[in-house]
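Basically the numbering used here = 1-based index in the sequence shown + 3.
The beta-carbon is built from N, C-alpha and C at its ideal position, and this holds for glycine as well.
As the structure is a prediction and not an experimental result, all values here were calculated from the model.
Taking it in order: structure first as structure tokens, then the write-up.
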Amino acid sequence: MKNVFRVCLCCCLSMNTWANGPDIPYKNPKIAIEQRVEDLLGRMTLEEKVEQLNMKSLESLEFDEKGKVTEASLEKLFGGRGIGCLESPFIEHEKIATYSEAADRYLREHTRLGIPAIQIAECLHGHMALGATIFPQSIGLGSTWNPGLIKEMAGVIAQEALLAGVDQALSPLFDIARDPRYGRVEECYGEDPFLVKEMGVAFVKGLQGEPEQSAEGIAPGKLAAMGKHFVAYSKPESGINIAPALVGERELREDHLYPFEAAVKEANIYSIMPGYHEIDGVPIHANKWLLKDILRDEWGFNGYIFSDYEAIGMMDYLHHTADGPKETGYQAITAGVDVEAPGAYGYKHLIELVQEGRLSESVIDESVRRVLTVKFKMGLFDRPFKVKKGDRQRIHTPESVDLARRVAEESIVLLQNNNHVLPLDKSKLKSVAVIGPNADKIQFGDYSPTKNNDYGVTVLQGLKDYLKEEVEVNYALGCGITSLFTDSIAAAVDVAKNSDAVILVLGGTSQTLSGIGWGDPNSKELATCGEGYDRNELDFPGVQPQLLDAIAVTGKPIVLVMINGRPLTIGDEADKVDAVVEAWYPGEKGGEAVARVLFGEVNPSGRLSMTFPPTTGHIPLYAAQKPSARGYYKRPGTPEKPGRDYVFSQPKPLYCFGYGLSYTTFEYKNVSIDNTSLKEGSTINVSCEVSNVGNYDGAEVVQLYVRDVVSSVTTPVKALKAFKKIYLKRGETQKVSLQIAKDDLMIWNKQMKRVLEPGDFEIYIGSSVEDIRLRGCFTL
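This is the structure we're talking about:
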């Protein structure tokens with residue numbers, strides 16, 4: 004009867020009197036958030052509560068001839084009802100802001116309680132709106148090994164998204180990427196739990212602010228973050244998106260849960276998104292053990308859980324663990340999923356479930372309480388969104404564009420440099436050939452608003468701008484990315500023959516607006532990477548290998564530049580060229596960054612955040628493997644001389660984790676280890692000296708790996724536990740201090756308890772997991 008009474012009372016009172024009357028506690032910013040939440044929750048009908056657990060999209064709104072959002076479209080979208088979250092459309096930044104202002108005003112003024120919505124937007128490597136700054140794709144961000152730079156970048160993303168009315172970002176990803184067949188590796192920071200943790204936590208802090216502040220509330224100028232995809236989503240069977248994750252509890256805890264736990268405890272992340280997949284037969288959106296027992300009870304997560312798009316419905320029509328929409332809603336809400344996106348499939352039946360007595364209204368209340376708490380902490384009730392004069396000038400500023408270039412420069416990895424062909428010397432070149440399907444094509448990666456060359460600098464344009472009239476730039480397409488036509492190869496060969504050197508730009512492409520059901524089905528360019536674009540082979544697609552072979556025959560110096568979103572099996576191709584540069588999807592200033600690296604304006608400092616396997620048959624191949632993972636017999640074979648581990652190959656990477664060359668040389672010496680007692684709150688301090696003994700200024704990534712010599716359960720031969728990127732002028736020496744925390748040495752024992760076992764530990768310091776320069780040991 005209580006809810007019926009509230010509905011009737013609502014009809015008797017005017018909307019403005021109810022929503023804007025004096026002395027309403029939930030509207031008073033001077034009282035505690037918990038009191039405001041309980042006051043508002045106590046005023047809500049069951050229907051109004053369920054509205055807070057759903058989402059709508061702003062894309063259906065319409066403009067009138069004066070450029071204002073029509074009241075009719077607002078009424079059609081909301082119908083006088085509230086909503087928990089709003090999806091930001093993928094259109095021009097300025098239009099999004101206009102939509103946001105109109106929607107925010109409507110919800111405050113034309114719904115009974117005036118509850119604002121959380122507007123959510125894709126912000127993986129920039130706010131996904133035309134006109135916002137586009138940074139390098141996440142796999143490139145991970146390759147910077149520079150958390151401070153990523154934090155700075157995330158701060159810019161937050162500022163730009165906020166100016167469009169966005170309240171929360173659908174990022175970052177804390178997925179551990181160990182299977183490059185999986186198309187979404189481009190959205191991940193890398194393969195290593197520690198690296199992913201460091202980069203992801205930095206991104207969250209850049210968006211939300213420091214946790215001391217965000218624990219009280221999101222400060223003006225900051226944006227709430229959402230960690231995804233919880234958990235082990237990036238380890239799908241056969242590398243196929245949404246496939247089951249084959250993972251045991253110990254691996255789950257040691258590797259995949261580890262960065263998410265840091266996001267909760269170290270960064271105070273506001274929201275978590277479960278993955279589409281299943282673990283051990285249970286879809287994550289119905290997994291109470293993960294969503295409640297671990298996430299909330301073990302870690303103390305107090306934010307809200309936001310479903311992946313259509314994931315709740317997938318329990319019905321994909322996983323077949325529910326016999327219809329109503330059952331999906333019951334399974335998800337009782338497992339702990341608070342909000343269903345992008346619309347109500349299962350959650351439209353929540354009221355019915357309560358009325359049937361199957362679901363307690365208190366379960367609804369708990370989810371609504373979490374959503375409302377986040378809204379108050381975001382300041383949504385107290386800071387209405389309004390478009391201000393001059394907002395457009397604060398988007399895509401020269402400073403943010405310059406930052407995009409700097410991030411791109413630090414993300415580029417030099418993989419091969421035979422005979423020091425790089426950096427190129429323009430004083431010794433009369434002409435250079437720029438050839439390949441990605442030479443004059445922008446590739447931003449998925450979750451980007453466009454692929455239009457007007458929004459970025461291609462490699463060809465970057466080289467032309469850099470070389471100006473000093474060196475002639477000759478261009479040829481050569482071939483397409485995926486097409487099988489070879490008609491243009493001959494012309495590319497002619498261009499190569501008539502140039503002093505060749506810059507060959509190969510790679511892949513990703514669908515823009517990637518997501519379940521997104522993308523342009525009429526696109527002429529078939530995506531080779533990104534969400535739902537998984538591969539069974541990792542060579543260059545189409546006839547790109549034939550183009551490379553034809554250019555190699557010319558005998559010209561060849562620099563292979565790869566624009567792509569995943570590690571590729573390029574062993575044969577690397578043997579035919581002089582230099583190999585991995586540029587990933589380098590953002591809107593990528594072409595400029597590539598040119599500056601190739602000609603030595605910038606010394607490459609990127610390091611691989613994922614292992615490059617020699618063949619797809621080597622997968623999974625990653626740095627932190629267990630002692631038995633690389634074989635027992637130690638007699639690797641070749642086609643000419645078969646062996647074991649493997650019969651015709653060896654279990655070694657093509658390019659290892661942490662690898663990357665420089666134009667200069669770094670020397671390591673004088674390692675020391677202090678404080679091995681590890682009292683509560685202390686760390687083991689490891690230091691060494693690094694000198695730049697080469698001819699160029701440059702940056703080095705000092706990496707520290709640890710081996711637990713004897714443990715009750717198996718541990719990695721080398722596990723990354725600390726790193727630091729340092730900048731050294733030629734001739735300069737710097738003392739580098741790295742800290743190993745107690746938590747970094749703990750293991751999950753046979754009883755599945757997290758413990759620190761006494762014993763011997765070996766440390767390895769170097770420039771990659773295989774390029775170890777210093778060794779040491781300590782005993783606990």
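Legend entry - Beta-carbon spacing of D341, S363 below 8 Å: Taking the sequence shown and counting its residues from 1, the one referred to as residue 341 is at position 338. Taking the sequence shown and counting its residues from 1, the one referred to as residue 363 is at position 360. In this structure, the beta-carbon distance from D341 to S363 does not fall below 8 Å.
Inset, instruction - From the DSSP output, read off the bridge partner residues of G510. - result: Counted from its first residue, the sequence shown places residue 510 at position 507. Bridge partners of G510: I566.
Inset, instruction - Determine the extent of the alpha helix (DSSP H) in which Q419 is found, giving its start and end residues. - result: Within the sequence shown, the letter at position 416 stands for residue 419. Per DSSP, Q419 belongs to no alpha helix (DSSP H); it is in the beta strand (DSSP E), 416 to 420.
Inset, instruction - Could you tell me whether the Cβ atoms of T691 and V674 are closer together than 8 Å? - result: As a first step, residue 691 is located in the sequence shown; it is residue number 688 there, counting from the start. As a first step, residue 674 is located in the sequence shown; it is residue number 671 there, counting from the start. Residue identity differs from the one stated: residue 691 is Cys in this sequence, not Thr. The Cβ-Cβ distance between C691 and V674 falls below 8 Å.
Inset, instruction - Would you mind sorting M755 into buried or exposed? The rule is 16 or more other CB atoms within 10 Å of its CB. - result: Taking the first residue of the sequence shown as position 1, residue 755 is located at position 752. M755 comes out exposed.
Inset, instruction - Over the uninterrupted alpha helix (DSSP H) stretch that includes T686, give me the two end residues. - result: Reading the sequence shown from its first residue, position 683 is the one you call residue 686. Where T686 is concerned, there is no enclosing alpha helix (DSSP H), although the beta strand (DSSP E) it sits in stretches over 686 to 695.
Legend entry - Through-space distance from K592 to I137, alpha-carbon basis: Sequence index remark: in the sequence shown, residue 137 carries index 134 (1-based). Sequence index remark: in the sequence shown, residue 592 carries index 589 (1-based). If you draw a straight line from the Cα of I137 to the Cα of K592, it is about 8 Å long.
Inset, instruction - Return yes when the Cβ of A530 is within less than 8 Å of the Cβ of Y478, no when it is not. - result: Locating residue 478 in the sequence shown gives position 475, where the first residue counts as 1. Locating residue 530 in the sequence shown gives position 527, where the first residue counts as 1. Taking 8 Å as the Cβ cut-off, Y478 and A530 do not qualify as a contacting pair.
Inset, instruction - Could you please give me the residues that DSSP links to Y478 through a beta bridge? - result: Translated into positions along the sequence shown, residue 478 becomes position 475. DSSP, once it has assigned bridges, lists V437 as partnering Y478.
Inset, instruction - Report yes if the C-beta distance between A132 and I99 is below 8 Å; otherwise report no. - result: On the sequence shown, residue 132 is found 129 positions in, with the first residue counted as 1. On the sequence shown, residue 99 is found 96 positions in, with the first residue counted as 1. The Cβ atoms of A132 and I99 sit closer than 8 Å to each other.
Inset, instruction - Use the C-beta contact count for S770: other C-beta atoms within 10 angstroms, 16 or more gives buried, fewer gives exposed. - result: Taking the sequence shown and counting its residues from 1, the one referred to as residue 770 is at position 767. Burial call: buried.
Legend entry - Proximity to Q742 [Cα-Cα], best of K231, Y708, G129, L383: In the sequence shown, residue 742 corresponds to position 739, counting from 1. Ranked by Cα distance from Q742, the options K231, Y708, G129, L383 are led by Y708.
Inset, instruction - Report the option in E475, Y450, N501 whose CA atom is closest to the CA atom of C1. - result: Any answer about residue 1 is impossible in this case: the structure gives the chain only from 4 up to 783.
Legend entry - Rounded straight-line distance, which links the Cα of L249 to that of S715: Taking the first residue of the sequence shown as 1, we reach residue 715 at position 712. Taking the first residue of the sequence shown as 1, we reach residue 249 at position 246. Across the structure, S715 and L249 are spaced so that their CA atoms are roughly 23 Å apart.
Inset, instruction - Determine, using beta-carbon pairs with one atom in the stretch 560 to 568 and one in the stretch 505 to 515, whether at least three such pairs fall under 8 Å. - result: Proximity of the stretch 560 to 568 to the stretch 505 to 515 meets the contact definition, three or more beta-carbon pairs being nearer than 8 Å.
Inset, instruction - Identify, in the order they occur along the chain, each residue of the same chain with its Cβ nearer than 6 Å to the Cβ of A632, setting aside the five sequence neighbours on each side. - result: Translated into positions along the sequence shown, residue 632 becomes position 629. Hits under 6 Å: none found.
Legend entry - Member of R84, A246, I123 whose CA lies at the smallest distance from the CA of L110: Sequence index remark: in the sequence shown, residue 110 carries index 107 (1-based). For the residues R84, A246, I123, the minimum Cα distance to L110 belongs to R84.
Legend entry - Neighbourhood of N290 by C-beta, 8 Å cutoff - its chain only, sequence neighbours within 5 removed: As a working note, residue 290 is residue 287 in the sequence shown. Closer than 8 Å at Cβ, skipping near neighbours: P277, I282, A338.
Inset, instruction - Give a yes or no on contact between the stretch 731 to 742 and the stretch 633 to 650, applying the rule of three or more CB pairs nearer than 8 Å. - result: Output reads no: the stretch 633 to 650 does not touch the stretch 731 to 742.
Legend entry - Where the alpha helix (DSSP H) containing L356 begins and where it ends: Your numbering for residue 356 matches position 353 in the sequence shown. Here the alpha helix (DSSP H) through L356 covers 353 to 358.
Inset, instruction - List the endpoints of the continuous alpha helix (DSSP H) containing K268. - result: What you label residue 268 is simply residue 265 of the sequence shown in a count that begins at 1. Element bounds for K268: 260 to 268.
Legend entry - Alpha carbon of G701 to alpha carbon of R256, nearest angstrom: Along the sequence shown, read from residue 1 onward, the residue named residue 701 stands at position 698. Along the sequence shown, read from residue 1 onward, the residue named residue 256 stands at position 253. Spanning the two alpha carbons is a distance of roughly 37 Å.
Inset, instruction - In the DSSP assignment, find the unbroken alpha helix (DSSP H) run with V377 in it and report its ends. - result: In the sequence shown, counting from the first residue as 1, residue 377 sits at position 374. Unbroken alpha helix (DSSP H) run through V377: 364 to 381.
Inset, instruction - With DSSP as the reference, please indicate the residues paired to W587 in a beta bridge. - result: In the sequence shown, counting from the first residue as 1, residue 587 sits at position 584. Answer is none; W587 lacks a bridge partner.
Inset, instruction - Name the two residues that bound the continuous beta strand (DSSP E) containing F304. - result: What you label residue 304 is simply residue 301 of the sequence shown in a count that begins at 1. Premise fails: F304 is in no beta strand (DSSP E) and is neither H nor E.
Inset, instruction - Within the same chain, show all residues whose beta-carbon is closer than 8 Å to that of K79, passing over the 5 residues directly before and after it, in chain order. - result: Residue 79 sits at position 76 when you count from the first residue of the sequence shown. Closer than 8 Å at the Cβ level, and outside the excluded window around K79, lie S63.
Legend entry - Beta bridge counterpart(s) of T782 as assigned by DSSP: Translated into the one-based positions of the sequence shown, residue 782 becomes position 779. BP columns for T782 point to D763.
Inset, instruction - Would you mind sorting I160 into buried or exposed? The rule is 16 or more other CB atoms within 10 Å of its CB. - result: Numbered from 1 along the sequence shown, position 157 holds the residue referred to as residue 160. Buried, because 16 or more other Cβ atoms sit within 10 Å of the Cβ of I160.
Legend entry - K429 Cβ short of 7 Å to the ligand ATP heavy atom set: The ligand ATP is not among the ligands present in this structure, which contains no ligands whatsoever.
Inset, instruction - Work out the CA separation of F93 and P452 for me, nearest whole Å. - result: By 1-based counting over the sequence shown, the position of residue 452 is 449. By 1-based counting over the sequence shown, the position of residue 93 is 90. A direct Cα-to-Cα measurement between P452 and F93 gives close to 7 Å.
Legend entry - Residues bridged to W751 (per DSSP): Along the sequence shown, read from residue 1 onward, the residue named residue 751 stands at position 748. The partner list for W751 (beta bridge, DSSP) reads R757.
Inset, instruction - Have a look at R778 and Y102 and give me their C-alpha separation to the nearest angstrom. - result: For the purposes of this step, residue 778 is taken as residue 775 along the sequence shown, with counting starting at 1. For the purposes of this step, residue 102 is taken as residue 99 along the sequence shown, with counting starting at 1. Distance between the alpha carbons of R778 and Y102: 58 Å.
Legend entry - Residue closest to T667, alpha-carbon to alpha-carbon, out of L417, I123, S430, L375: As a working mapping, residue 667 is identified with position 664 in the sequence shown. Distance from the Cα of T667 is smallest, within the candidate group L417, I123, S430, L375, for L417.
Legend entry - Buried versus exposed call for S680 [16 or more other C-beta atoms within 10 Å across all chains shown]: By one-based count along the sequence shown, residue 680 stands at place 677. Result: exposed.
Legend entry - Delimiting residues of the beta strand (DSSP E) encompassing L89: The sequence position of residue 89 within the sequence shown is 86, counting from 1. Where L89 is concerned, the enclosing beta strand (DSSP E) stretches over 88 to 90.
Inset, instruction - Using a threshold of 8 Å, state whether the C-beta atoms of M749 and V739 are closer than that. - result: Position 746 of the sequence shown holds residue 749. Position 736 of the sequence shown holds residue 739. Their beta carbons are not under 8 Å apart, which means M749 does not touch V739 by this criterion.
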